[in-house]
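Structure first, then comments.
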Amino acid sequence: MTEHVDRSEPEAAGAPTAVAVTPADAADAARLVAFGLQPKLQPARDQEYADLLRRHREDPAFARLADAVAAGLGLVVLEVSPRAGMAVTAAEDSVFAVRMGDYARRTAADSGDRFLHGLAHLAVAALAFPRPEDLCDDGYIGRVTVNGVDAFVRQACRRLEERAEERGENTDPATDAPGLEAAWRIWARRSATGATKDARRPAASTTGIVAKALAFLTDSGFLQRTGDESGGTYRTTARYQLQVRDMAGSAALTELLELGIVPMAGGTPSLLPAEDGDDLDLVADAGLPFHS
Numbered sequence: 075m076t077e078h079v080d081r082s083e084p085e086a087a088g089a090p091t092a093v094a095v096t097p098a099d100a101a102d103a104a105r106l107v108a109f110g111l112q113p114k115l116q117p118a119r120d121q122e123y124a125d126l127l128r129r130h131r132e133d134p135a136f137a138r139l140a141d142a143v144a145a146g147l148g149l150v151v152l153e154v155s156p157r158a159g160m161a162v163t164a165a166e167d168s169v170f171a172v173r174m175g176d177y178a179r180r181t182a183a184d185s186g187d188r189f190l191h192g193l194a195h196l197a198v199a200a201l202a203f204p205r206p207e208d209l210c211d212d213g214y215i216g217r218v219t220v221n222g223v224d225a226f227v228r229q230a231c232r233r234l235e236e237r238a239e240e241r242g243e244n245t246d247p248a249t250d251a252p253g254l255e256a257a258w259r260i261w262a263r264r265s266a267t268g269a270t271k272d273a274r275r276p277a278a279s280t281t282g283i284v285a286k287a288l289a290f291l292t293d294s295g296f297l298q299r300t301g302d303e304s305g306g307t308y309r310t311t312a313r314y315q316l317q318v319r320d321m322a323g324s325a326a327l328t329e330l331l332e333l334g335i336v337p338m339a340g341g342t343p344s345l346l347p348a349e350d351g352d353d354l355d356l357v358a359d360a361g362l363p364f365h366s
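Residue numbering for the sequence shown follows the numbering used here, starting at 75 and increasing by one per position.
The structure is reproduced here in structure tokens:
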């Protein structure tokens, strides 16, 4: 007679125990993602937010659930930490995505200005983190100003014009020509400050475009306004550093940095002086958009 051996109990003991996801767990995961969609909210100032972040860090199952909720909403999780909170960015097909065309239409009547608005955002990123090590250092804080960004772009315009002349390329394209290089050339022809009857800064001026970009980044929790000097001064947040890290491989940002307009001297970035005393029509008292 063959003795029956029941092996089910030892196998069950060795198998991993599945933990059922409860509605409360799903609600907490969604709540954490909702906190992440409030970019100005600081975890240190909200105990529930801080508790959910700690749970994400200590409970792998909950972390996977929260990340899945974010993915289902078309969000990419950049980092989950006490310093950045649940930092998310919208994928291209996400309902939360903000497209440059929509952004430009909200800020200008001329749809052709969308290239200029895109260039302003690109220049802010390049100036805020001019070196690869700045993006890798979690403690690094970049600083930019409205007038400093405009000055930077105008020097980029000059550098690109010189490069085009060396190649024998057309240096005066149509104002509605697409492409980033055309935008740089259009920027050079646009007034930096313009003029209004009540001395306000026109939205269509280049400093007006930069100011709108910086205000948008501030509202999005990427920058913090620190003063009114040089048209407005701003400092970066952990969320903005993560966002720029995510776009650091873009060809446009790489090309802008490779123009060599923000050389490093003794560890401190600075704008190159204009050649032959030409001030490139820069705004008076533009200042350097960096910290020492």
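Using N, Cα and C, we set each Cβ at its ideal position, and we do this for glycine too.
How would you write the range of the beta strand (DSSP E) that residue i sits in, first residue to last?
i: Val308; result: This sequence places Tyr at residue 308; Val is not what is there. Where Tyr308 is concerned, the enclosing beta strand (DSSP E) stretches over 307-310.
i: Leu288; result: Premise fails: Leu288 lies in the alpha helix (DSSP H), 280-293, not in any beta strand (DSSP E).
i: Ala298; result: Reading the sequence as shown, one finds Gln at residue 298 and not Ala. Run containing Gln298: 297-301, per the beta strand (DSSP E) assignment.
Are the CB atoms of residue j and residue i within a distance shorter than 9 Å?
i: Leu297; j: Thr310; result: yes
i: Ala135; j: Leu149; result: no
i: Ala230; j: Val284; result: no
i: Gly216; j: Gln315; result: yes
i: Leu209; j: Ala322; result: yes
i: Arg264; j: Leu234; result: no
Quick check: what's the CA-CA separation for residue i versus residue j?
i: Ala94; j: Ala100; result: 11 Å
i: Gln121; j: Arg105; result: 13 Å
i: Pro97; j: Val143; result: 13 Å
i: Leu115; j: Phe109; result: 7 Å
i: Glu303; j: Thr219; result: 8 Å
i: Ala278; j: Gly301; result: 23 Å
i: Ala225; j: Glu207; result: 24 Å
So which of the options has the shortest CA-CA distance to residue i?
i: Leu288; options: Glu235, Val223, Ala322, Ala262; result: Val223
i: Ala137; options: Ala124, Gln121, Val154, Tyr123; result: Val154
i: Gly295; options: Arg313, Ala262, Val220; result: Arg313
i: Ala103; options: Gln112, Gln116, Pro113, Leu127; result: Leu127
i: Arg232; options: Asn221, Trp261, Glu207; result: Trp261
i: Asp141; options: Pro156, Arg157, Ala161, Tyr123; result: Ala161
i: Val172; options: Asp187, Gly192, Arg157, Pro156; result: Gly192
i: Glu166; options: Arg157, Ala225, Leu147; result: Leu147
i: Val227; options: Arg319, Ala266, Arg205, Thr292; result: Ala266
i: Asp212; options: Arg188, Val151, Pro156; result: Pro156
i: Phe170; options: Leu201, Gln112, Arg129, Pro204; result: Gln112
Tell me the DSSP bridge mates of residue i?
i: Gln121; result: In DSSP, Gln121 forms no bridge with anything.
i: Arg47; result: Outside the shown range of the chain, which is 75 to 366, sits residue 47, and nothing can be said about it.
i: Val151; result: Val162
Shorter than 8 Å, the distance from the beta carbon of residue i to the closest heavy atom of the ligand ZN, or not?
i: Ala289; result: Summarising the ligand content, the structure contains no ligands, and the ligand ZN is consequently not present.
I need the boundaries of the alpha helix (DSSP H) containing residue i, first residue and last residue.
i: Arg205; result: It is not in any alpha helix (DSSP H) - Arg205 carries neither H nor E in the DSSP assignment.
i: Pro97; result: 97-110
i: Asp141; result: 134-146
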